[in-house]
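Visitor:
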Amino acid sequence: MVYQYGALFVELLQRTKISPQIFLLASHFADPPAVNLIAFPVAFFLHPVLGSATLLSINFSEWLNCVLKWLLDDDRPYWWVHTSEKAYIKLKQFPLTCETGPGSPSGHCMVMVSGWLPLLLYIRSNYNRTSRSNFSAPSILAYF
Numbered sequence: 001m002v003y004q005y006g007a008l009f010v011e012l013l014q015r016t017k018i019s020p021q022i023f024l025l026a027s028h029f030a031d032p033p034a035v036n037l038i039a040f041p042v043a044f045f046l047h048p049v050l051g052s053a054t055l056l057s058i059n060f061s062e063w064l065n066c067v068l069k070w071l072l073d074d075d076r077p078y079w080w081v082h083t084s085e086k087a088y089i090k091l092k093q094f095p096l097t098c099e100t101g102p103g104s105p106s107g108h109c110m111v112m113v114s115g116w117l118p119l120l121l122y123i124r125s126n127y128n129r130t131s132r133s134n135f136s137a138p139s140i141l142a143y144f
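Okay, structure coming up:
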């Protein structure tokens, strides 16, 4: 049931007028090597302790993701649709979605949250201290 709703949500997103390039760009920014190469240096530049904590968080999340994938050994939504009776769900394939190996839990989600969230929270807390407004650009960006 979880797979079915996930696949239906992916199909719904693919039917919107949003360009697939937007989703591919978001996926590239959530890719574990990209998080390591972008979030860690930015965090370290802002504060060395934040950078070290971000690096530890990213690597622990990647390790935990590998362990969970090894234990759960779940299919990717693109594979599951073709091997189940839910063939009415039509998902578009992209080169990035044709990865091999188990797909659940999502390493992109786990590593992205562990790498980008501390950085965004740090920026938000420092920005709010110096700003007199309740509106903060970093908190708005965090939602996107």
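Just so you know, full-length UniProt numbering puts 82 at position 82 of the sequence shown, and the rest follows in order with no gaps. Think of the CB as a built atom: it goes at the ideal place given N, C-alpha and C, for glycine as much as any other residue.
Got a sec, what are the start and stop residues for the alpha helix (DSSP H) phenylalanine 44 sits in?
Guide: The count along the sequence shown starts at 1 and reaches residue 44 at position 44. Per DSSP, phenylalanine 44 belongs to the alpha helix (DSSP H) from 40-46.
Visitor: In the DSSP assignment, the alpha helix (DSSP H) including isoleucine 22 goes from what residue to what residue?
Guide: Along the sequence shown, one-based indexing puts residue 22 at 22. Counting along the chain, the alpha helix (DSSP H) containing isoleucine 22 begins and ends at 20-30.
Visitor: Could you give the distance in angstroms between the alpha-carbon of serine 125 and the alpha-carbon of isoleucine 58?
Guide: Position 125 of the sequence shown, counted from the start, is the residue given in the question as residue 125. Position 58 of the sequence shown, counted from the start, is the residue given in the question as residue 58. Cα-Cα distance, rounded: 21 angstroms.
Visitor: Rounded to whole angstroms, what is the Cα-Cα separation between phenylalanine 44 and serine 27?
Guide: Sequence index remark: in the sequence shown, residue 44 carries index 44 (1-based). Sequence index remark: in the sequence shown, residue 27 carries index 27 (1-based). Distance between the alpha carbons of phenylalanine 44 and serine 27 is about 23 angstroms.
Visitor: If you reduce the DSSP assignment to three classes, tell me which class histidine 57 lands in.
Guide: Counting from one through the sequence shown, the residue named residue 57 turns up at place 57. As written in the sequence, residue 57 is serine, which differs from the histidine given in the question. Serine 57 falls in the helix class under three-state DSSP.
Visitor: Determine the DSSP secondary structure at serine 52, reduced to helix, strand or coil.
Guide: Position 52 of the sequence shown, counted from the start, is the residue given in the question as residue 52. Of the three classes helix, strand and coil, the one that applies to serine 52 here is helix, per DSSP.
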